[in-house]
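Engineer: From first to last, the protein sequence lines stand for chains A, B, C and D.
For the first sequence, our numbering gives the first residue as 805, with consecutive numbering after it.
For the second sequence, our numbering gives the first residue as 805, with consecutive numbering after it.
For the third sequence, our numbering gives the first residue as -2, with consecutive numbering after it.
For the fourth sequence, our numbering gives the first residue as -2, with consecutive numbering after it.
Every residue gets a Cβ at the ideal spot worked out from N, C-alpha and C, and that includes glycine.
Note that this is a predicted model, so its numbers are computed, not measured.
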Amino acid sequence: MKATLEALSEEMAKNPRIFVLGEGIGKRGGNFNTTKGLFDLYGPERLCDTPISERGFVGLACGAAMTGTRPVVDFMFSDFLLDAVGEIINQIAKMQYMSSGRLKMPVLLRGCIGIGHSSATHHSGNYYPMYAHFPGLRVVVPAAPGDAKGLLKTALNCDDPVLFLEHKELLSTKGPVPEGEYCLEFGKASVAREGQHVTVVALALMLHKTLQAAAALAEEGISVEVIDPRTVAPLDMDTIARSVSKTGRLLIVDEAFAPCGIGAEIAAQIADRSFDDLDAPIRRLNGVQTPTPYSPSLEAAVVPNVETIGRAIRDLCEE
Amino acid sequence: MKATLEALSEEMAKNPRIFVLGEGIGKRGGNFNTTKGLFDLYGPERLCDTPISERGFVGLACGAAMTGTRPVVDFMFSDFLLDAVGEIINQIAKMQYMSSGRLKMPVLLRGCIGIGHSSATHHSGNYYPMYAHFPGLRVVVPAAPGDAKGLLKTALNCDDPVLFLEHKELLSTKGPVPEGEYCLEFGKASVAREGQHVTVVALALMLHKTLQAAAALAEEGISVEVIDPRTVAPLDMDTIARSVSKTGRLLIVDEAFAPCGIGAEIAAQIADRSFDDLDAPIRRLNGVQTPTPYSPSLEAAVVPNVETIGRAIRDLCEE
Amino acid sequence: MPSLPPLPRDTSLRLYRQMQTIRHCEERLAKSHQRGLIHGACHTYVGQEAIAVGVSAHLREDDVIFSTHRGHGHALAKGLHPRQLIAELYGRETGCSRGRGGSMHLFAPEIGLMGTSGIVGPCILQATGAGYSFKLLRTDRVAVAFFGDGAVNNGAFHEGLNMASIWKLPVLFICENNQFATEVPFQYAAGNPTVAQRGAAYGLPGVEADGNDVLAVYSAAHDAVQRARSGGGPALLECKTYRTRPHAEGMGDFTYRPREEVEQWKTRCPILQFRRRLLGEKIVEAADLDIIDRQVAELVEEAHEFAEKSPWPDPQTATRHVFSESHGKHERH
Amino acid sequence: MPSLPPLPRDTSLRLYRQMQTIRHCEERLAKSHQRGLIHGACHTYVGQEAIAVGVSAHLREDDVIFSTHRGHGHALAKGLHPRQLIAELYGRETGCSRGRGGSMHLFAPEIGLMGTSGIVGPCILQATGAGYSFKLLRTDRVAVAFFGDGAVNNGAFHEGLNMASIWKLPVLFICENNQFATEVPFQYAAGNPTVAQRGAAYGLPGVEADGNDVLAVYSAAHDAVQRARSGGGPALLECKTYRTRPHAEGMGDFTYRPREEVEQWKTRCPILQFRRRLLGEKIVEAADLDIIDRQVAELVEEAHEFAEKSPWPDPQTATRHVFSESHGKHERH
Ligand SMILES: Cc1ncc(C[n+]2csc(CCOP(=O)(O)OP(=O)(O)O)c2C)c(N)n1
Ligand SMILES: Cc1ncc(C[n+]2csc(CCOP(=O)(O)OP(=O)(O)O)c2C)c(N)n1
Ligand SMILES: [Mg+2]
Ligand SMILES: [Mg+2]
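#1: May I ask you to report which of helix, strand or coil DSSP gives Asp287/D?
#2: Report the partner residues of Phe170/C according to the DSSP bridge assignment.
#3: Rounded to the nearest angstrom, how far is the Cβ of Ile1066/A from that of Leu1007/A, given a contact under 8 Å?
#4: Can we count Phe154/C as close to ligand 5, meaning its CB is less than 6 Å from some heavy atom?
#5: Measuring CB to CB, does Asn150/C end up less than 7 Å from Ala186/C?
#6: Enumerate in chain order the residues of its own chain whose CB-to-CB distance from Gln1093/A is below 8 Å, with the five nearest sequence positions on each side excluded.
#7: How is Ile829/A classed by DSSP in three states: helix, strand or coil?
#8: Do Asp1083/A and ligand 2 come close, with the Cβ less than 6 Å from some heavy atom?
#9: Rounded to the nearest angstrom, how far is the Cβ of Val168/C from that of Ala140/C, given a contact under 8 Å?
#10: Since I believe Gly115/D is in contact with Ala924/B (beta carbons under 8 Å), could you give me their beta-carbon distance rounded to a whole number of angstroms?
#11: Which of the three DSSP states is assigned to Ser130/C in this structure?
#12: So is the beta-carbon of Asp146/C under 6 Å away from any non-hydrogen atom of ligand 3?
#13: Helix, strand or coil for His1001/A? Go by DSSP, reduced to three states.
#14: Can you tell which of Ala1071/B, Asn961/B, Pro848/B has its C-alpha closest to the C-alpha of Glu815/B?
#15: Does the region 1029 to 1043 of chain A come close enough to the region 931 to 948 of chain A to have 3 or more Cβ pairs within less than 8 Å?
#16: Taking C-beta pairs closer than 7 Å, name the residues in chain B that Gln313/C reaches, listed in chain order.
#17: Is the beta carbon of Arg67/D within less than 6 Å of some heavy atom of ligand 2?
#18: Against chain C, which members of the region 196 to 217 of chain D pass a CB distance test of less than 7 Å?
#19: At a Cβ threshold of 7 Å, is Ile163/D touching chain C?
#20: Val319/D to Glu810/A, Cα distance in whole Å?
#21: Let me know the alpha helix (DSSP H) ranges lying completely inside the region 856 to 909 of chain B, each 4 residues or longer, listed in chain order.
#22: Residues of chain A with CB under 7 Å from His926/B, in chain order?
#23: How is the alpha helix (DSSP H) around Leu845/B delimited, first residue to last?
#24: Give the straight-line distance between the Cα atoms of Val281/C and Gln223/C, rounded to the nearest whole angstrom.
#25: Please give the ranges of any alpha helix (DSSP H) in the region 44 to 87 of chain D, keeping only runs that are unbroken, at least 4 residues long and fully inside the region.
#26: Looking only at its chain, what residues have a beta carbon closer than 8 Å to the beta carbon of Ser1099/A, apart from the 5 residues adjacent to it on each side?
#27: Who are the near neighbours of Met(-2)/C in its chain, counting only those whose CB is closer than 7 Å to its CB and skipping five residues on each side?
#28: Would you say Glu1069/B lies against chain A (beta-carbon separation less than 7 Å)?
#29: What number of angstroms, rounded off, separates the C-alpha of Asp7/C from the C-alpha of Arg89/C?
#30: Can you give me the start and stop residues for the beta strand (DSSP E) that Gly915/A sits inside?
#31: Using the Cβ count rule (16 or more neighbours within 10 Å means buried), how would you classify Arg291/C?
#32: Return the CA-CA distance between Thr390/C and Val1057/A, expressed in angstroms with no decimal places.
#33: Span of the beta strand (DSSP E) holding Asn159/C?
#34: Determine the chain B residues that contact Thr1094/A at a beta-carbon separation under 9 Å, and present them in chain order.
#35: Out of Leu1054/B, Ala1084/B, Asp1081/B, Asp1083/B, which has the shortest C-alpha to C-alpha gap to Ile1070/B?
#36: Using three-state DSSP, classify Ser1054/A as helix, strand or coil.
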């Protein structure tokens, strides 16, 4: 994604304490071109190719952040990061608290998520619900290039650990990207489309599919408000609640698994604070609760698509 | 817990393929006496003390289960298991699926969860929401000794991987334990107390505190129905929905963190399927969103107690 | 190096045929990848055939192997039919994983293929676990983990080898040191780039073999398998080799290694070398080998056709096998 | 073994005083644990004092250490005041972690104490990360990881030492081999129970020292610290020792090791041995040491009283510092 590459390069130019760790992020420029060209600009110490030691280099990043540098861990596929969950949940997320605020934890952990192109079950997980569950982490799931830039810049200027998870099917998305110093605050959802009849919250790739579905439904006279939370921790519930107070209906579309997911959290909060605003049950549409199958025929069956999203919206409007 | 020790010993006597892996589970009998006396009965191969290699022995258990034995991993504190999350989520949980059902995965992963006695942030996590999020795992969180026995027996006779998480403050709980062959089906909640005015779902230690609060509220004329899901994956939503259809009010009390937690999942499902039954907003009362502090004065401030639970129930009844 | 008597002629021919089968399958798959028949990633085993074949020659059907992202060769050497391999990569119902898995999730437990993997490392631990089973069950079965040099720097290597050693488990750890993890040289990534020496850190024997010489691998594996089978415990075998195709199909190759180096290693092709040796030592005639080559080519072509004609998996089945179907049976009140 | 000139008298006295301070603190804490003043776990460092003291003698305040569950000794040797230690274990606002942490979460970054830990392993990786910072920032600071023999079998050891080696980071890995992880003997748990030899697996020097001889530790650490500080890269130092109290206060001790073994090691007490040596070599008079002993006893007693009188943390603050308070500042539109 060109937008994030620019953002990273600009911040590295400004801040010599930023360095990047990962497999193939040096000369090669990253499996997803996340560091393309930076090796030539900033050299091998700041673009450091690692052994296949996910736990190790995430733990290393923790110690580095504790001692005055700002590591960026580029872990390619989020599935690989599972070996480092102990370092993330038990160390990185807790370090500021344990040290009663005397240590900061400016670590950026970035990589790809998402189902698509038969990448199968070891290269397609969506893990943001799990990270959003624990205190101490900021979790960013951008859907548009401009947002990705603004959020990455914020991440590189904040003292908290940030997980920055990009859907791999969105890496080549095109869209407007503000020039230069553009930072987007965490915890501010964007209203991607305004509407009157129903509120749909959608993330990452699902945002794009939902917008397509919404455009189609507009022709049927169904007016859909589409909200992209952009960060799931913190989660901007005010924007969602405001929309629900207008529409009275809420659907959450999420490729990630349903149980204890982001949709569950949003539904639970709305069922509490916006109970009186609701005119219909709260609905969720999620990726199917199964490891991702490989074959295109099976893969297509486990993710929401424009049609199933459209149907879910229509059904909800009829409730 | 004597009940689970008995259950384990009985099953080991019947099934020579069961073996236990863990640190200090051999001669020592386990940090929490989970294997006390078994070493003398079944010897060092079936009660195998391990190096401090959590990822390693969980991965080993996966391979063992794939080849005809039935490993029990006794990992002491659930916090230590985070180093093995990759093996659990990416391997153990997916193995049956990836092999299109030709491999079974009879692995039991057991250990302690929960806040109490100043065990501080590395010995007090509640991780069941995270495990319940992913497909392929059964997640058991027992609250009573008899249930623990019945559920452990089921775990040791089922072909799926099971996480069996006991709150450490409940290990010495007393209660009736059925003799001999007693198995409890997964996914069957228990109605721990019947009531008319409000449904409270509570897990593990919180079940006991909720029952105390309910008893106190009965004297004020508030009739509380208390439900213990016992397993969070599968989650028995029918029993909860049935109760809500009677009471019209739902509170979920859970020591684990709120965001994307079990309470969120329950609330989301009820806000969908039982929307018309609800007379009031759905409420959650959770452990505070922070790493667990050590000092008793701080620790007490981060977990729900009888008083805060009582207040939450009363508030909800007034809605 | 070979501590074995000269191989019987039919064994030699079998080794040759297996290597050739792997090679033909891989070249077929590479073409199919270009044609869009393969939907996900495809890491070929070209150049490393001697290792899977030299090791598997000592394995029984009830022995088990655990493999990596680069696992087609291991699967075929363990006895997977090319049809099942190719159909799996084409995403078809007739694939060894019924289309659920693809290249990095090949399963055929009925012949001891316990899975290739999209994650580097776990195969080492799982093979250790299989070794634990075999010891507990008092069998003489053996478990093998195949893995690359990249896995050596991973914690799984450390924890797995140590546990196998202290419990004397019947496990072979086969490191295929092809000198790169994707494009990162092992020389750079490892503080001590000699893998075989790492055995000492765990108190188990570490042996080095020429991974492009099928007889060297065969011989080293023979000793290690016999030892493991008879209760002597695990061993680590480092096979030095080189992959002569890119890391994965469709990737570039000459940014991190010179074209000449690749060409030079192609001259050390394990199949060519073995062919030359068989002919040189007059063990077989060229005609014998040519027949094998033709048979293999036909076999693979037929497998490709079979795969291409095979049906897609039924979308309705997408969630089958998340849990055991016998589950209900075990739930009693 | 010492490659150093004889120690100046004041250095010797400092080492003695520090060891004695640790010992007195630990014995005080053991008593307090019985009295219920300590709310969580308490792992004492009794018997291992020479290691923390011998290593820390070479560290500057801006060097950093990362420690374990058995970390009181490291904290004190790095300069933590006994008041802050004891108050933390009593759960008071005046503790080094403001009562948030307890025994296994001691933090004083202002003096380079980057945390003790409830999880075995991460300290190794974090010290490696500190080394990375120091290298990137072109400083001559040094990072130290203290860990037990139990951590050696953990993947963190493998990955951490390897990365420190390939990038030549200024890190000291200090393994305190007290021969048991809780009650599991290292001899049983490790395929190769010689830790120092493991350095070779990562291409870094591995040195063994008598962990009950403060001068031996001092000398070995001197070389390693100098080397790291001047860009020579990391080293692994194995200090053989023994803890003479149970794994944690309140636990049994003689089920896994004979009472006589413990008694025998008590005669090799690092403080007693050093005292004897200082007197034997006529470096100091007994009276000098007795004064230190008295001063230390007073210091610790006063710290205990301070701690016991200190206020509890305000429950209102329980959620402070989950996130950085400067967070808002960096969020711009
Ligand atoms: C834990 C993990 N990290 C990273 C990857 C991405 N990845 C796939 S293959 C590979 C290189 C593996 O190198 P090696 O083990 O030497 O095997 P080779 O490809 O050379 O056969 C990497 C880094 C992965 N699959 N798993
Ligand atoms: C990852 C992890 N696993 C298990 C434990 C439980 N535990 C605490 S201390 C300990 C033994 C540690 O032994 P060693 O490293 O030798 O240190 P020692 O106690 O001997 O100082 C264990 C197993 C833990 N804290 N962390
Ligand atoms: Mg390689
Ligand atoms: Mg020890």
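Structural biologist: The answer reads as follows:
#1: Here the question's residue 287/D lines up with position 290 in the fourth sequence. In the displayed model, Asp287/D falls within a helix according to three-state DSSP.
#2: Taking the third sequence and counting its residues from 1, the one referred to as residue 170/C is at position 173. BP columns for Phe170/C point to Ala142/C, Leu233/C.
#3: For the purposes of this step, residue 1066/A is taken as the residue at position 262 of the first sequence. For the purposes of this step, residue 1007/A is taken as the residue at position 203 of the first sequence. With a Cβ gap of about 7 Å, Ile1066/A and Leu1007/A count as contacting.
#4: Ligands displayed in this structure: ligand 1, ligand 2, ligand 3 and ligand 4; ligand 5 is not among them.
#5: Mapped onto the third sequence, residue 150/C falls at position 153. Mapped onto the third sequence, residue 186/C falls at position 189. Yes. Within cutoff.
#6: Locating residue 1093/A in the first sequence gives position 289, counting from the first residue. These residues qualify, in order along the chain: Phe1061, Ala1062, Pro1063.
#7: Along the first sequence, read from residue 1 onward, the residue named residue 829/A stands at position 25. Per DSSP, reduced to three states, the secondary structure at Ile829/A is coil, with no helix or strand assignment.
#8: Position 279 of the first sequence, counting from 1, holds the residue named residue 1083/A. No, the Cβ of Asp1083/A stays beyond 6 Å of every heavy atom of ligand 2.
#9: On the third sequence, position 171 is the one that residue 168/C refers to. On the third sequence, position 143 is the one that residue 140/C refers to. That pair is a contact at about 5 Å.
#10: Locating residue 924/B in the second sequence gives position 120, counting from the first residue. Locating residue 115/D in the fourth sequence gives position 118, counting from the first residue. Yes, they are in contact, since the Cβ atoms of Ala924/B and Gly115/D sit about 6 Å apart, within 8 Å.
#11: Working through the third sequence from its first residue, we reach residue 130/C at position 133. In the three-state reduction of the DSSP assignment, Ser130/C falls in the helix class, which pools H, G and I.
#12: The sequence position of residue 146/C within the third sequence is 149, counting from 1. The answer is yes for Asp146/C.
#13: Your numbering for residue 1001/A matches position 197 in the first sequence. Assigned with DSSP and collapsed to three states, His1001/A falls in coil, not helix or strand.
#14: Position 11 of the second sequence, counted from the start, is the residue given in the question as residue 815/B. When each option's Cα is compared against that of Glu815/B, the closest is Asn961/B.
#15: The region 931 to 948 of chain A and the region 1029 to 1043 of chain A touch, with three or more beta-carbon pairs separated by less than 8 Å.
#16: What you label residue 313/C is simply residue 316 of the third sequence in a count that begins at 1. Within chain B, no residue comes near Gln313/C; the closest Cβ sits about 14 Å away, beyond 7 Å.
#17: Taking the first residue of the fourth sequence as 1, we reach residue 67/D at position 70. It does: the Cβ of Arg67/D is within 6 Å (strictly closer) of some heavy atom of ligand 2.
#18: Against chain C - using a Cβ distance shorter than 7 Å - the residues of the region 196 to 217 of chain D are Ala197, Ala198, Tyr199, Gly200, Leu201.
#19: The count along the fourth sequence starts at 1 and reaches residue 163/D at position 166. It does; some Cβ of chain C falls within 7 Å.
#20: Working through the fourth sequence from its first residue, we reach residue 319/D at position 322. Working through the first sequence from its first residue, we reach residue 810/A at position 6. Within the model, the alpha-carbon separation for Val319/D versus Glu810/A is close to 30 Å.
#21: Fully enclosed alpha helix (DSSP H) runs of 4 or longer: 858 to 870, 899 to 902.
#22: To locate residue 926/B, count along the second sequence from 1; it is residue 122. Correct list: Asn894.
#23: Residue 845/B sits at position 41 when you count from the first residue of the second sequence. The continuous alpha helix (DSSP H) containing Leu845/B extends over residues 842 to 850.
#24: Translated into the one-based positions of the third sequence, residue 281/C becomes position 284. Translated into the one-based positions of the third sequence, residue 223/C becomes position 226. Val281/C and Gln223/C: Cα-Cα distance of roughly 28 Å.
#25: Within the region 44 to 87 of chain D, the complete alpha helix (DSSP H) segments at least 4 residues long are 46 to 53, 69 to 74, 79 to 86, listed from N- to C-terminus.
#26: Here residue 1099/A corresponds to residue number 295 of the first sequence, with the count starting at 1. These residues qualify, in order along the chain: Ser922.
#27: In the third sequence, residue -2/C corresponds to position 1, counting from 1. In this prediction, Met(-2)/C has a pLDDT of 44, which is less than 50 and means its spatial position is unreliable; nothing more can be read from the coordinates.
#28: Against the second sequence, residue 1069/B aligns to sequence position 265. At a cut-off of 7 Å, the C-beta of Glu1069/B has a neighbouring C-beta in chain A.
#29: In the third sequence, counting from the first residue as 1, residue 7/C sits at position 10. In the third sequence, counting from the first residue as 1, residue 89/C sits at position 92. Taking the straight line joining both Cα atoms gives about 34 Å.
#30: The sequence position of residue 915/A within the first sequence is 111, counting from 1. For Gly915/A, the enclosing beta strand (DSSP E) starts and ends at 912 to 917.
#31: Reading the third sequence from its first residue, position 294 is the one you call residue 291/C. The residue is exposed, with fewer than 16 neighbouring Cβ atoms inside 10 Å.
#32: Within the shown structure, residues of chain C are numbered from -2 to 330, placing residue 390/C beyond reach of any answer.
#33: For this step, residue 159/C is matched to residue 162 along the third sequence. That residue, Asn159/C, is in no beta strand (DSSP E); its alpha helix (DSSP H) goes 152 to 163.
#34: Indexing the first sequence from 1 puts residue 1094/A at position 290. Tyr901, Pro939, Gly940, listed in chain order.
#35: As a first step, residue 1070/B must be located in the second sequence, where it is residue number 266. Looking from the CA of Ile1070/B, the closest CA among Leu1054/B, Ala1084/B, Asp1081/B, Asp1083/B belongs to Leu1054/B.
#36: What you label residue 1054/A is simply residue 250 of the first sequence in a count that begins at 1. The displayed chain sequence assigns Leu, not Ser, to residue 1054/A. Strand at Leu1054/A.
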